[in-house]
Amino acid sequence: MFNLAIFGATGMVGQKMKLILEERNLPIKNIYFFASEKSAGKEISFMGNDYIIEELCEENIKNKDIDYALSALDSDLANTFAPIAAKYGITTIDNSSAFRMNENISLVVPEINKEELKKDNKIIASPNCSTIQSVVALYPIYKKYGIKRIIYTTYQAVSGSGVNGINDLRTGTWGGENNFYPHQIAYNILPHIDDFLDDGYTKEEMKMVNETKKIFNDYDLKITATAARVPVINSHLVAINVETEKDFNLDDIFNLFKEEEGIVLYDDVKNNIYPTPLESAGKNEVFVGRIRRDESIENGLNLICVSDNTRKGAALNTIQILEELI
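Residue numbers for the sequence shown, in this note's numbering: -18 to 307.
Written as structure tokens, this is what we have:
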């Protein structure tokens, strides 16, 4: 039995964490829900019981015997409260980008590098949503054939921007003005996620590049990415082009995906079976399909992966890390 806290319990990811915890029925002795001052004092239900949401502040953290915290905070708040939690012996699994590229903090996808959890870190980082589903799809190939180069092209749902993105899409479908995105997202595609950097890439694109290298612990990988926002509520689709180190048999690639835990092979194009956002929404697995050889280069492979970005791409990965820890 252990004591658990959720930081940012009333946000989209925090609520999804609560839902998945109820589904997985972990041996939680006491659970605490923290949010902003605005939400403090409100009730929240968990496993048939009602709890009072507390304001996230040091005073409210330090007086409780908390073992682990799942953090659904933005980066600025995570930078503040994860170190405070660590000071009181709490291991925080953080979903923001605050600590991902810190060389002293592990960046973990349990299907790939759970051995990182043997390190006695009080802060553990969970990767970007698009990175998680992509590396889960790539790992079987990486293990067997090695990878020289990866080209990511993402088609990301508006829920990746939280409620503001969802509101812009819904408003735009009936002709309302966008309030969050720089352009209308309804009936449109924006090749722009997060801030632009001086070299023309966005922060989102470079997250995928740098996080993939860190998770695979392979800094020689050649990776490039283009990230686009599409008018879909939930679940990201990522088109991946891979150049492997070794030659491969295409049938064997299919078999690798059939055998891999956490992956659903969804590829029968003659019957129009391939992954879509609607197919993956609400599910834990990464769906993989449209697998085909890239004839333009030696040892080239194309595939797509689709996954529920707020579930596997955020809340579930942190809870899978928690399960490994306990």
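Where is the CB? At the ideal position from N, CA and C, for every residue including glycine.
Only a predicted model underlies this, so the values are computations on that prediction, with no experimental measurement involved.
{"Item": "Sheet register partners of Thr135 (DSSP bridge)", "Value": "Ala208, Val219"}
{"Item": "Cβ-based burial, Leu231 [other Cβ within 10 Å; buried from 16]", "Value": "exposed"}
{"Item": "Residue environment, Met(-7), which counts as buried when at least 16 other CB atoms sit within 10 Å", "Value": "buried"}
{"Item": "Extent of the continuous alpha helix (DSSP H) run through Ile(-13)", "Value": "Taken as a continuous stretch (DSSP letters only), Ile(-13) belongs to no alpha helix (DSSP H), being part of the beta strand (DSSP E) at -17 to -12."}
{"Item": "Reference Val223; option with closest CA among Leu0, Asn290, Ala262, Ser115", "Value": "Ser115"}
{"Item": "DSSP bridge partner residues for Cys286 (one or two, in chain order)", "Value": "Val219, Val269"}
{"Item": "Among Phe14, Tyr49, Lys19, the one whose alpha carbon lies nearest that of Ile34", "Value": "Phe14"}
{"Item": "Lys293 classed as buried or exposed, judged by whether at least 16 other C-beta atoms fall within 10 angstroms", "Value": "buried"}
{"Item": "Closest Cα partner of Gly29 within the set Ile47, Ala167, Gly143, Leu0", "Value": "Leu0"}
{"Item": "Own chain partners of Lys203 with C-beta closer than 7 Å, once the 5 adjacent residues on each side are dropped", "Value": "Lys129, Arg130"}
{"Item": "Exposure label - Met(-18); buried when at least 16 CB within 10 Å", "Value": "exposed"}
{"Item": "DSSP bridge partner residues for Asp31 (one or two, in chain order)", "Value": "Ser26"}
{"Item": "Rounded C-alpha distance that separates Thr183 from Gly141", "Value": "15 Å"}
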